[in-house]
Amino acid sequence: MVKVDYGVVSLPKHQGNLNGDAYLTFFERDYAFFAVIDGLGSGADAYRAGEKVIGFLKEHTHLNVKDLLLSCHLKIKGERGAAASVLRLNLVSGAFEYIGIGNVEGYIWGDRPMSLVNNNGTLGRTIPYSPYVNKGTVQSGDYIFIFSDGVSRDFINENALLDREPWEMAREIEKEHKKNDDRTIMVIKIE
Ligand SMILES: [Mn+2]
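Numbering (the numbering used here), first residue to last: 428 to 618.
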C-alpha cells in the first residue's frame, strides 16, 4: 500500500475576500483523489464557479479522471468556468492518472522528476474533445505539487524546500512564491 501525506495552502488575493481558488482531497480505501481549481476571474463569481466544480467532483471521485472532467465540463457548460487539475492515485499499486485543464499546474519531484502536461482550455467553456491524460507510477520519496497560477513555478528549483512536512512546504512556498492573485499550493508526499 502507498502511504500519502499532504498539505495545502489556499488563500484569496485580498485577505478577507472570497477565494476564487478551491481544492478537494478525498481518500477511499484503495485510492486517493486530489484536485485544485481556479475559478475564472476573482471574487464572488470565481468562488461560485470553483464551488460548483468541487461539488461535482466530490460526488464522482470513483470515475476515471477523463470521464470525470468530461462530465463535469458538460455539467457546468455555459457557466463562468474554471481551470482545473485532478489527480487520482491508486493506493495499492502507486499508479496515478492526472489531467490538467488551463493554468493549474502539476509537477512530480523525485528520482524521475516530471512536469505534468496540461491541456489548453477552460472547464465549462472549451476543453479538448479528448484531453491528454498523464499516467505513471509514484514511489516512496516522491512529492507531487499541484498549484494555481497565483503561485510562481520557481519554487520547483529550490531543493531547500524538500524533505520537510508537506504542510510546512506548502506554507513556505505560498510565502516565498506567491503572486498577486488567488493562490493554492498542494503538496502531496508519498511516504
Ligand atoms: Mn488565478
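Glycine included, C-beta positions come from ideal geometry on N, C-alpha and C.
How big is the Cα-Cα spacing for residue i and residue j?
| i | j | result |
| --- | --- | --- |
| lysine 430 | cysteine 499 | 28 Å |
| histidine 604 | asparagine 584 | 12 Å |
| threonine 553 | aspartate 494 | 16 Å |
Have a look at the DSSP bridge pairing and note the partners of residue i.
| i | result |
| --- | --- |
| methionine 541 | Ile535 |
| lysine 493 | Answer is none; lysine 493 lacks a bridge partner. |
| isoleucine 617 | Val431 |
| glycine 551 | DSSP, once it has assigned bridges, lists no residue as partnering glycine 551. |
Might you give, ordered along the chain, the residues of its own chain that have their beta carbon closer than 7 Å to the beta carbon of residue i, omitting 5 neighbours on each side?
| i | result |
| --- | --- |
| glycine 621 | Residue 621 cannot be examined here, being either before or after the span of the chain that is shown, 428 to 618. |
By Cβ distance, which residues of its chain are closer than 6 Å to residue i, with the 5 residues on each side in sequence left out?
| i | result |
| --- | --- |
| valine 519 | Asp457 |
| arginine 507 | Leu467, Asp472, Ala476 |
| methionine 541 | Ile535 |
Our contact map puts residue i next to residue j with C-beta atoms below 8 Å; I'd like the distance itself, whole angstroms only.
| i | j | result |
| --- | --- | --- |
| glycine 447 | methionine 596 | With a Cβ gap of about 23 Å, glycine 447 and methionine 596 do not count as contacting. |
| aspartate 608 | aspartate 569 | Actually they are not in contact, since the Cβ atoms of aspartate 608 and aspartate 569 sit about 27 Å apart, beyond 8 Å. |
| glycine 551 | isoleucine 481 | Wrong, their Cβ atoms sit about 13 Å apart, outside the cutoff. |
| lysine 479 | leucine 451 | The Cβ separation is near 12 Å, so there is no contact. |
What is the DSSP secondary structure of residue i, reduced to helix, strand or coil?
| i | result |
| --- | --- |
| glutamate 524 | strand |
| leucine 501 | helix |
| arginine 456 | coil |
| isoleucine 573 | strand |
| tyrosine 559 | coil |
| asparagine 586 | helix |
| glycine 443 | coil |
Does any CB atom of chain C fall closer than 8 Å to the CB of residue i?
| i | result |
| --- | --- |
| leucine 467 | No chain C is present in this structure, which holds just one protein chain. |
Please go through the same chain and pick out, in chain order, the residues whose beta-carbon is closer than 8 Å to the beta-carbon of residue i, but skip the five residues on each side of it.
| i | result |
| --- | --- |
| glutamine 442 | none |
| leucine 588 | Phe582, Met596, Glu599, Ile600 |
| valine 614 | Tyr433, Gly434, Val435, Tyr570, Ile571, Phe572, Pro593, Trp594, Met596, Ala597, Ile600 |
| glycine 505 | Gly551 |
| proline 439 | Leu445, Asn446, Gly447, Asp448, Ser469, Asp609 |
| lysine 606 | Asp576, Gly577, Val578, Ser579 |
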